[in-house]
Structures are given as C-alpha cells and as structure tokens.
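The next block holds one structure in the form of structure tokens; read it before the comments.
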C-alpha cells in the first residue's frame with residue numbers, strides 16, 4: 023500500500039491526469055504536488071511515493087487495474103473510458119467506510135451528523151450494487167444535472183477568498199457575458215446548486231449563478247483584492263422561497279388548504295417560519311412573511327386545487343393568471 027497520507031486526493035489527481043492527456047513522470051509529480059499544496063499548504067510527496075501510487079493503479083489484484091501501459095516515457099490510459107471512480111471499493115476503503123459509519127453511530131442522536139450519515143448510507147448502497155446486491159435505497163436524484171463538478175472548486179474559492187472571472191450564458195442569451203465575481207456562499211434549491219456573491223462588474227452584491235451548463239467557465243483573477251460580504255445570509259434566505267430575490271418587499275401570505283393538504287405542508291413547509299391560526303374555523307390555514315417570487319408561485323402551483331391564496335392581492339392575481347393560462351391548455 024502506498025503512503026496513505028492524502029492518498030485519495032493523489033489518486034483523484036492522477037486519475038484526472040491519466041484520462042485527459044499524456045504526462046511525463048516529472049509533469050505528474052508537479053501536478054500532484056500542486057493539487058496537494060492547495061489543500062495541504064507546505065506538503066508534497068517524493069518521487070518514490072509517486073512510483074508506489076502508479077503501482078497501485080496498475081495492480082489488478084489489490085489496486086485499480088488501470089489500463090496504464092508499461093515501458094513508455096509518458097503516462098496515460100489506453101482506454102479513454104476508464105476511471106477509478108467506476109471501480110469497486112478496495113478492501114481498505116471498505117474498512118474505512120465501515121469505520122466511519124461506526125464512528126458516526128456515536129452521534130446518531132445529534133442532528134449535526136444526520137446528513138453525513140445519510141450520505142454514507144447512500145454511498146454504501148451504490149457500492150453494493152457492484153456486487154449484485156439488492157437495491158434498498160431509492161432516493162431523489164437529478165440524473166441530468168451536470169453542475170456538480172463546479173461545487174468543489176467554488177467551495178474552495180470561497181474558503182480561500184479568491185476572486186473569479188466568470189463566463190456565463192443564460193438559456194435565452196444570444197452571447198455569453200464575462201464579469202468579475204467575488205463568491206460568498208453556496209445554496210442548494212430544488213436539487214440544484216447556486217453560488218451567491220458580489221458581481222463587481224454590475225455592482226450587484228447578491229448575484230446568483232446556477233451551477234449548470236449556463237456557467238461556462240471560471241478562473242481565478244490574480245492580484246485582485248477579495249471583497250467580503252457583510253450580508254446575513256441566514257436571514258436573506260429565510261425571508262424568501264428559493265433563490266430569486268427581485269426586491270426587498272416582505273409581505274404577509276395567507277394560505278387555505280383543502281382535502282387535508284395542510285398536514286403535508288406542515289410536515290415539509292416550503293417556508294419554515296410559518297404560523298398557524300388559533301381560531302377553530304381556520305385550522306386549515308397558515309400564514310408567513312416572505313418575498314413574492316417565482317419559486318413561491320411554483321410551490322403553490324404544486325398543490326394544484328388543494329390550496330387557495332387569501333392574501334396578498336398581488337399574489338392572488340398571479341395565481342389567477344396562471345390558472346387562466348393553464349385552463350386554455352385543456353379546453
């Protein structure tokens with residue numbers, strides 16, 4: 023087994039290198055050490071460790087069995103479709119996963135670890151499918167989502183306070199736009215990720231970018247001072263549904279549910295700060311304060327005929343317009 027210190031990081035870097043072009047040994051060593059330096063400043067590996075890593079890749083019994091031909095001066099996969107991400111877990115990796123689950127079991131009553139425990143279970147279930155095990159978990163997954171590869175680089179950019187030059191093209195845009203962007207936070211909504219930050223080119227402080235094919239590329243701008251945000255992001259998102267903030271007008275919304283659907287809303291509210299009425303004749307109603315945006319309307323439409331907007335008038339008007347438009351589809 024090769025040096026286990028940040029081994030998984032090294033393997034991911036090498037896998038990426040082998041997939042996309044040929045590297046000399048010296049180029050590989052440089053690429054791996056640059057990747058390590060980003061997450062572990064001041065650390066690096068030796069030529070000997072890299073040679074051991076390459077052996078792990080080639081090893082068909084205890085390694086990845088990668089199509090990495092011997093006797094060449096450069097290193098690249100002979101099969102363009104190969105990646106170690108498709109290989110089953112190695113024995114020591116299975117042990118580490120099980121050990122992590124056992125460790126998390128100590129904190130099973132602490133909400134802080136719930137999402138991590140859930141992720142581990144999902145990962146283990148996917149791995150067991152490689153061994154023809156019966157599938158147990160069927161979870162909500164957006165198979166067409168192509169933006170997840172942006173998540174880690176943007177997370178690191180925020181953590182390291184890096185300024186980015188972004189190239190972006192909306193679905194309806196004829197041409198792409200380029201702007202200076204200071205990333206501040208990442209937000210997930212409706213199985214998509216969005217990065218919020220300061221668009222200095224447009225001088226907009228809460229600019230959002232969806233992490234999908236509209237985000238064409240981004241790169242770090244050297245020697246540009248990063249501008250921190252003074253915004254209370256927790257409050258920012260609690261006063262609206264979704265990610266679209268067209269104004270700062272917080273309004274009181276009152277909803278009446280039918281067919282018992284208020285119980286579904288209360289178990290999974292799209293606005294967490296909702297309130298119930300004390301009056302007996304209003305037990306099917308809730309109210310909350312929020313900004314009226316398209317995501318709120320979309321959530322209301324998902325309830326179909328089982329919800330009625332009582333306040334405000336502007337939202338009732340929007341719902342009426344949507345209702346009329348949909349009615350025309352089925353005449």
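Numbering (the working numbering), first residue to last: 23 to 353. Every residue, glycine too, gets a C-beta built ideally from N, C-alpha and C. Keep in mind that this is a model prediction, so the values were computed, not measured.
I'd like to know if residue i contacts chain C, where contact means its C-beta is closer than 8 angstroms to some C-beta of that chain.
i: residue 224; result: No chain C appears in the structure shown, which is made up of a single protein chain.
What do you reckon, are the CB atoms on residue i and residue j nearer than 8 angstroms?
i: residue 57; j: residue 31; result: yes
i: residue 312; j: residue 340; result: no
i: residue 50; j: residue 36; result: yes
i: residue 187; j: residue 202; result: yes
i: residue 46; j: residue 80; result: no
i: residue 192; j: residue 236; result: yes
i: residue 107; j: residue 40; result: no
i: residue 208; j: residue 178; result: no
i: residue 331; j: residue 322; result: yes
Quick one, which of the options has its alpha-carbon nearest residue i's?
i: residue 291; options: 226, 277, 50, 99; result: 277
i: residue 266; options: 289, 175, 216; result: 216
i: residue 103; options: 90, 206, 332, 306; result: 90
i: residue 206; options: 52, 193, 185; result: 185
i: residue 306; options: 329, 289, 220; result: 329
i: residue 221; options: 332, 199, 210; result: 199
i: residue 72; options: 262, 41, 346, 48; result: 48
i: residue 251; options: 286, 183, 280; result: 183
Under 8 angstroms by Cβ, that's how I've got residue i and residue j pegged, so tell me the actual separation to the nearest angstrom.
i: residue 308; j: residue 284; result: 7 angstroms
i: residue 43; j: residue 105; result: Residue 43 to residue 105, Cβ: 15 angstroms. No contact.
i: residue 189; j: residue 258; result: Not quite, the Cβ-Cβ distance comes to about 26 angstroms (not below 8 angstroms), so this is no contact.
i: residue 360; j: residue 213; result: Residue 360 cannot be examined here, being either before or after the span of the chain that is shown, 23 to 353.
i: residue 314; j: residue 345; result: Not confirmed; about 17 angstroms, so no contact.
i: residue 86; j: residue 109; result: 5 angstroms
i: residue 33; j: residue 101; result: No, residue 33 and residue 101 are not in contact; Cβ-Cβ is about 17 angstroms, not under 8 angstroms.
i: residue 59; j: residue 68; result: Between residue 68 and residue 59 the Cβ distance is about 15 angstroms, and since that is not below 8 angstroms, they are no contact.
Fill in: Start-end ranges of the alpha helix (DSSP H) lying completely within the region 30-85, minimum 4 residues
47-61, 69-80
Worksheet item: Touching or not, the region 243-251 and the region 292-306, by the rule of three or more beta carbon pairs under 8 angstroms?
Response: no
Worksheet item: Is the region 273-287 touching the region 219-229, taking contact as three or more C-beta pairs under 8 angstroms?
Response: no
Fill in: Complete runs of the alpha helix (DSSP H) confined to the region 214-276 [at least 4 residues]
255-260
Practice prompt. Pick out the complete alpha helix (DSSP H) segments inside the region 159-201, 4 residues or longer, and give them in chain order.
Written response: 173-181
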